[in-house]
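Chains X and F supply the protein sequences, listed in that same order.
Numbering-wise (my numbering), the first sequence opens with residue 1 and increments by one.
Numbering-wise (my numbering), the second sequence opens with residue 1001 and increments by one.
Protein chains: 2
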Amino acid sequence: MSSADAEKYGQYEVPQRPVKLSVGQPGLNMLPLDILQKGLQYVNSVTDPRLLQYGDIPGYGGFRTSLASFLEVEYKEKVEPEQLFVTHGVTGALAFYCSLFTTTGSTVFVEEPTYFLAINIFKQDFRLNVVSIPMTPTGLDLEALEKALVHDKAPGPKFLYTIPTFHNPTSYTLSHEKRVALAKLADTYNFNIVADEVYQMLYFDSAKPPLPLCYYTDRAVSIGSFSKILAPAFRLGWMQIRSKEILDVFLKSGQMDSSGGNSPVTQAIVHGIIKSNSLFDNIEKDKTVLSSNCKELSNEVTTQLSKYVEFIEPSGGYFLWLKLKEPYTASKILEGVEDVTFVAGTRFSAYGSCDDYLRLSFSYYSKEDFAYGVGQIKKRLEAIEAENTK
Amino acid sequence: MSSADAEKYGQYEVPQRPVKLSVGQPGLNMLPLDILQKGLQYVNSVTDPRLLQYGDIPGYGGFRTSLASFLEVEYKEKVEPEQLFVTHGVTGALAFYCSLFTTTGSTVFVEEPTYFLAINIFKQDFRLNVVSIPMTPTGLDLEALEKALVHDKAPGPKFLYTIPTFHNPTSYTLSHEKRVALAKLADTYNFNIVADEVYQMLYFDSAKPPLPLCYYTDRAVSIGSFSKILAPAFRLGWMQIRSKEILDVFLKSGQMDSSGGNSPVTQAIVHGIIKSNSLFDNIEKDKTVLSSNCKELSNEVTTQLSKYVEFIEPSGGYFLWLKLKEPYTASKILEGVEDVTFVAGTRFSAYGSCDDYLRLSFSYYSKEDFAYGVGQIKKRLEAIEAENTK
Chain X
1 MSSADAEKYG QYEVPQRPVK LSVGQPGLNM LPLDILQKGL QYVNSVTDPR
51 LLQYGDIPGY GGFRTSLASF LEVEYKEKVE PEQLFVTHGV TGALAFYCSL
101 FTTTGSTVFV EEPTYFLAIN IFKQDFRLNV VSIPMTPTGL DLEALEKALV
151 HDKAPGPKFL YTIPTFHNPT SYTLSHEKRV ALAKLADTYN FNIVADEVYQ
201 MLYFDSAKPP LPLCYYTDRA VSIGSFSKIL APAFRLGWMQ IRSKEILDVF
251 LKSGQMDSSG GNSPVTQAIV HGIIKSNSLF DNIEKDKTVL SSNCKELSNE
301 VTTQLSKYVE FIEPSGGYFL WLKLKEPYTA SKILEGVEDV TFVAGTRFSA
351 YGSCDDYLRL SFSYYSKEDF AYGVGQIKKR LEAIEAENTK
Chain F
1001 MSSADAEKYG QYEVPQRPVK LSVGQPGLNM LPLDILQKGL QYVNSVTDPR
1051 LLQYGDIPGY GGFRTSLASF LEVEYKEKVE PEQLFVTHGV TGALAFYCSL
1101 FTTTGSTVFV EEPTYFLAIN IFKQDFRLNV VSIPMTPTGL DLEALEKALV
1151 HDKAPGPKFL YTIPTFHNPT SYTLSHEKRV ALAKLADTYN FNIVADEVYQ
1201 MLYFDSAKPP LPLCYYTDRA VSIGSFSKIL APAFRLGWMQ IRSKEILDVF
1251 LKSGQMDSSG GNSPVTQAIV HGIIKSNSLF DNIEKDKTVL SSNCKELSNE
1301 VTTQLSKYVE FIEPSGGYFL WLKLKEPYTA SKILEGVEDV TFVAGTRFSA
1351 YGSCDDYLRL SFSYYSKEDF AYGVGQIKKR LEAIEAENTK
């Protein structure tokens, strides 16, 4: 162990046992110190001291130009640097959005299930009124959404929070047709959309998803992040915003006027990484790992748990979303399961529903640990089965 | 100009003319690329990939230990790493605090005058009810504060926002005796304090200020920042929190649960800088520049403007706060002044008062520009005087 290893970068070390299939973090083999060094080299070469100044509010020009070019290659669509606003990741963007576009008690629509920590940001931190709209395997249930919009028309949601692509926790993707229809609904019912698109680029094989939601409607702010395509520790992301009106609210906020750009030094590191052409290679590497992990974990679940669960094998993202067959529930499994963790479906529901689901992450561990962890869940399910048939 | 210079790090370049004495940014000679490189070297040497992980919520242990040691030397008082919570600068801390401790319409007490961009964060972004308490040359007017507390006792302020040391815009410092009294008031009237202490270490000569407010009462969260002692582009700061109860609200927030630590990579760079023992040298250099600039600008104002203004020469910080003699007003000067900018007193007032004041920054420019800028203000005052005596 080098001296640097003793610096304690994270007390939240992920152990080998229990197998924490609850953890939605990249595995250690996806954390590219070599690529970080390329970014550092670039910053090291900068001779303009203004790099260290407060910096442009939406992110400095050189970085946004470089980010736009990167996104254009990925999306095969025009990306204007002026549409990009650099944030402290998705979380930073969500908190920033809430601070400017909501007041206490404002209604926000979310998916059921949805990213459980977003629920906490909305409910606990910003004290918003969270209303859930069900998911389907082709994404948000638009009929249910329209029903809720009609019902809640006055005053209606301040915004819809959605994870349209390789959704957390289901890994479902909103289809192109439904994106078109959602955009129409947003216009008809006059609400904005905050799209958390952190898994957008993490598709397996040729399963490239539809374009980010902001390409379907100016009412959508598309949030991207380097957390899953580079590393979480940069705490860097971006919003793509095509509405001048929405963009202006961010640009003219008190927070940005006070702070200047979000972490210009980090922007410069990532700028250097993009310039070094290492980012696509890294994404390819990550996709290979994730795709392989996904197959391994899916195989284990199919082999060991078919009697108890159903699931759709994901074509991207981080998660397996298992539906428990009757009469099994996630909370019942948790009561006695040993040496493995997962996240119970109820955590992803603003109402505490979804106890017949559980989420397993395939990002962190690999084959042997998957086999062991799934085996532990199987043991517990068998015990419940035995109890039930007593 | 090197290729890096063409990257456009900041569109907000500060020009030679007009002389923007409005700008509260460090001068280019205070932006230490050489010290940045020491931090980069450190990060370059890290071999533990967990550096790139989400990271500990209050900041990673090695960094907080290193920061605590640095602060102990400066304060000559114990600093526990467990009291420190790494933030995205002061602005990040303020927004984070508002999101967790206020709701729409909550009352916040601020100083009159106060940091104008904090007013925007409170009023515009978070829609708080901002109530102003007057300043005196020994800091906040505690009698006025108590009157307001008695008057507003139900429900009272959610918190008091104060800049106790080398206050922006006045450069006044809350005396030790008044800190003791303020702590007592906070207990008596049951309110918390958010202390923006960004200028704490920027004292001139031996004018070391009293300790941060958190040493006077657990009800105070002391916010520090690397923006003024290292460089704004790190967008890194910290809260020192001695109340377990307050700390817990931050630690258990939805935002931090989702994001992990604030910018671990930046933490690592600054960690490296602290380890290289460069930070104190940098602060000494900055204080020398600021102290000299302060004297130069003060001399210019005394020499050229004594007929029109009064002021107390600061013993630290970034700003001169000039009181205009009757009948002059900042807005009248602004109507026709040329080739110089400053911030009118009204900007620092939640009620639009203080038009008989103006703020000049001495952080960015130096001697000749000061002479020119002050000369331009003088010209304008002479013109107003001539008009008035017509």
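Ideal placement from N, C-alpha and C gives every residue a C-beta, glycine not left out.
Go through the stretch 1168-1227 of chain F residue by residue and report every complete run of the alpha helix (DSSP H) that reaches 4 residues or more, in order. For secondary structure counted as the alpha helix (DSSP H) over 4 or more consecutive residues, the stretch 1168-1227 of chain F holds these complete runs in sequence order: 1176-1189.
Counting Cβ pairs, one atom from each stretch, are 3 or more of them under 8 Å apart for the stretch 1224-1244 of chain F and the stretch 1326-1338 of chain F? Judged by Cβ distances under 8 Å, the stretch 1224-1244 of chain F makes no contact with the stretch 1326-1338 of chain F, as fewer than three pairs qualify.
Could you check if X/S291 is buried or exposed, using at least 16 other CB atoms within 10 Å of its CB as the buried criterion? Mapped onto the first sequence, residue 291 of chain X falls at position 291. That one is buried.
Would you list the one or two residues that DSSP bridges to X/Y161? The residue given as residue 161 of chain X occupies position 161 in the first sequence. Bridge partners of X/Y161 according to DSSP: X/V110, X/V194.
Taking three-plus beta-carbon pairs below 8 Å as touching, is the stretch 1070-1087 of chain F in contact with the stretch 1248-1267 of chain F? Two segments are said to touch when three or more pairs of C-beta atoms, one from each, lie closer than 8 Å; by this definition the stretch 1070-1087 of chain F touches the stretch 1248-1267 of chain F.
Starting from the C-beta of F/T1136, find all residues in its chain whose C-beta is less than 8 Å away, skip the five residues before and the five after it, and write them out in chain order. By one-based count along the second sequence, residue 1136 of chain F stands at place 136. Sequence-distant partners of F/T1136 (beyond 5 residues in either direction) whose C-beta falls short of 8 Å from its own C-beta, in its chain, are Y1172.
State the beta-bridge partners of F/P1015 as determined by DSSP. Numbered from 1 along the second sequence, position 15 holds the residue referred to as residue 1015 of chain F. F/P1015 is not bridged to any residue.
Should F/G1039 and F/G1261 be called a contact, given that it needs their Cβ atoms to be closer than 7 Å? Taking the second sequence and counting its residues from 1, the one referred to as residue 1039 of chain F is at position 39. Taking the second sequence and counting its residues from 1, the one referred to as residue 1261 of chain F is at position 261. No, the Cβ-Cβ distance between F/G1039 and F/G1261 is not below 7 Å.
Any Cβ of chain F within less than 7 Å of the Cβ of X/Q11? Translated into the one-based positions of the first sequence, residue 11 of chain X becomes position 11. Only weak support exists for where X/Q11 lies, its pLDDT of 48 falling under 50; the coordinates are left without a value.
Would you check if the stretch 36-50 of chain X and the stretch 260-278 of chain X touch, i.e. whether three or more CB-CB distances between them fall below 8 Å? The stretch 36-50 of chain X and the stretch 260-278 of chain X touch, with three or more beta-carbon pairs separated by less than 8 Å.
Chain F contacts made by the stretch 198-209 of chain X, where a contact means CB separation under 7 Å: Among the residues of the stretch 198-209 of chain X, none has a Cβ less than 7 Å away from any Cβ of chain F.
Pick helix, strand or coil for F/Y1328, following the three-state DSSP scheme. Locating residue 1328 of chain F in the second sequence gives position 328, counting from the first residue. Here F/Y1328 sits in coil by DSSP.
Just curious, the alpha helix (DSSP H) that F/R1064 is in, first and last residue? The residue you call residue 1064 of chain F lines up with position 64 of the second sequence. 1061-1075 is the span of the alpha helix (DSSP H), which, as asked, contains F/R1064.
Run through DSSP, which three-state label would X/P232 get? Counting from one through the first sequence, the residue named residue 232 of chain X turns up at place 232. In the three-state DSSP reduction, X/P232 falls in the helix class (H, G or I).
DSSP state of X/Q53 mapped onto helix, strand, coil: Reading the first sequence from its first residue, position 53 is the one you call residue 53 of chain X. In the structure shown, X/Q53 falls within a coil segment according to DSSP collapsed to helix, strand and coil.
Since X/L297 and X/L320 should fall inside the 8 Å C-beta cutoff, what is the C-beta to C-beta distance between them, to a whole number of angstroms? Counting from 1 along the first sequence, the entry for residue 297 of chain X is found at position 297. Counting from 1 along the first sequence, the entry for residue 320 of chain X is found at position 320. Yes, they are in contact, since the Cβ atoms of X/L297 and X/L320 sit about 6 Å apart, within 8 Å.
Please classify X/A386 as buried or exposed, where buried requires at least 16 neighbouring CB atoms within 10 angstroms. Here residue 386 of chain X corresponds to residue number 386 of the first sequence, with the count starting at 1. Classification for X/A386: exposed.
For X/V309 and X/N431, the rounded distance between their alpha carbons: Residue coverage of chain X in this structure runs from 1 to 390, which leaves residue 431 of chain X outside it and unanswerable.
Short CB-CB distance (under 7 Å) between F/Q1037 and chain X: For the purposes of this step, residue 1037 of chain F is taken as the residue at position 37 of the second sequence. Closer than 7 Å to the CB of F/Q1037 there is at least one CB belonging to chain X.
Can you grab the Cα-Cα spacing for the pair X/G178 / F/T1114, in whole Å? Numbered from its first residue, the first sequence carries residue 178 of chain X at position 178. Numbered from its first residue, the second sequence carries residue 1114 of chain F at position 114. The question names Gly, but residue 178 of chain X in the sequence shown is Lys. The C-alpha of F/T1114 is placed about 50 Å away from the C-alpha of X/K178.
Nearest-angstrom Cα separation, counted from F/G1061 out to F/Q1267: Along the second sequence, read from residue 1 onward, the residue named residue 1267 of chain F stands at position 267. Along the second sequence, read from residue 1 onward, the residue named residue 1061 of chain F stands at position 61. Approximately 10 Å, taken between the alpha carbons.
Unbroken beta strand (DSSP E) run spanning F/I1133, endpoints: On the second sequence, position 133 is the one that residue 1133 of chain F refers to. From DSSP, the beta strand (DSSP E) with F/I1133 extends over 1129-1136.
Listed by chain order, chain X residues near F/I1121 by CB distance under 9 Å: The residue labelled residue 1121 of chain F in the question sits at position 121 within the second sequence. Simply S99, S253, G254, Q255, D257, S258.
Run through chain F and tell me which residues come within less than 8 Å of X/L21, C-beta to C-beta. Translated into the one-based positions of the first sequence, residue 21 of chain X becomes position 21. Proximity of chain F to X/L21 at the Cβ level (cut-off 8 Å) is not reached, the minimal Cβ distance being about 17 Å.
Quick check on X/Y434: buried or exposed, where buried means 16 or more other Cβ atoms within 10 Å of its Cβ? The displayed coordinates of chain X run from 1 to 390. Any statement about residue 434 of chain X would go beyond what the structure contains.
Boundaries of the beta strand (DSSP E) in which F/G1254 is found, first to last residue: In the second sequence, residue 1254 of chain F corresponds to position 254, counting from 1. For F/G1254, no beta strand (DSSP E) segment is defined; the enclosing uninterrupted segment is the alpha helix (DSSP H) at 1254-1259.
Verify the CB distance criterion: does X/R359 have a CB-CB separation below 7 Å to chain F? Against the first sequence, residue 359 of chain X aligns to sequence position 359. Not a single CB atom of chain F sits nearer than 7 Å to the CB of X/R359.
Spell out whether any CB of chain F is found under 7 Å from the CB atom of X/G89. Looking up residue 89 of chain X in the first sequence gives position 89. For X/G89, the closest Cβ of chain F is nearer than 7 Å.
Three-state secondary structure (DSSP) of X/T302: The count along the first sequence starts at 1 and reaches residue 302 of chain X at position 302. It is helical.
Given this structure, state the Cα-to-Cα distance separating X/R127 from X/L182, to the nearest angstrom. The count along the first sequence starts at 1 and reaches residue 127 of chain X at position 127. The count along the first sequence starts at 1 and reaches residue 182 of chain X at position 182. X/R127 and X/L182: Cα-Cα distance of roughly 26 Å.
In this structure, does DSSP put X/E143 in helix, strand or coil? Numbered from its first residue, the first sequence carries residue 143 of chain X at position 143. In the structure shown, X/E143 sits in a helix (DSSP, three-state: H, G or I).
For X/A350, which residues in chain F fall below 9 Å Cβ to Cβ? For the purposes of this step, residue 350 of chain X is taken as residue 350 along the first sequence, with counting starting at 1. Residues of chain F passing the Cβ test: none, with the nearest at roughly 12 Å.
Does DSSP put F/K1307 in a helix, a strand or coil? Here residue 1307 of chain F refers to the residue found at position 307 of the second sequence. DSSP places F/K1307 in coil when its eight states are reduced to three.
Please classify X/S361 as buried or exposed, where buried requires at least 16 neighbouring CB atoms within 10 angstroms. Within the first sequence, numbered from 1, the residue matching residue 361 of chain X stands at position 361. Buried, since its Cβ has 16 or more Cβ neighbours within 10 Å.
Please name the residue, chosen from F/N1120, F/Y1075, F/S1353, F/K1078, that lies closest to F/T1091 on a Cα-to-Cα basis. Position 91 of the second sequence, counted from the first residue, corresponds to residue 1091 of chain F. Of the candidates F/N1120, F/Y1075, F/S1353, F/K1078, the one whose C-alpha sits nearest the C-alpha of F/T1091 is F/N1120.
F/V1150 burial status per 10 Å Cβ neighbour count (16 or more: buried): Along the second sequence, one-based indexing puts residue 1150 of chain F at 150. Counting Cβ neighbours within 10 Å, F/V1150 comes out exposed, since fewer than 16 surround it.
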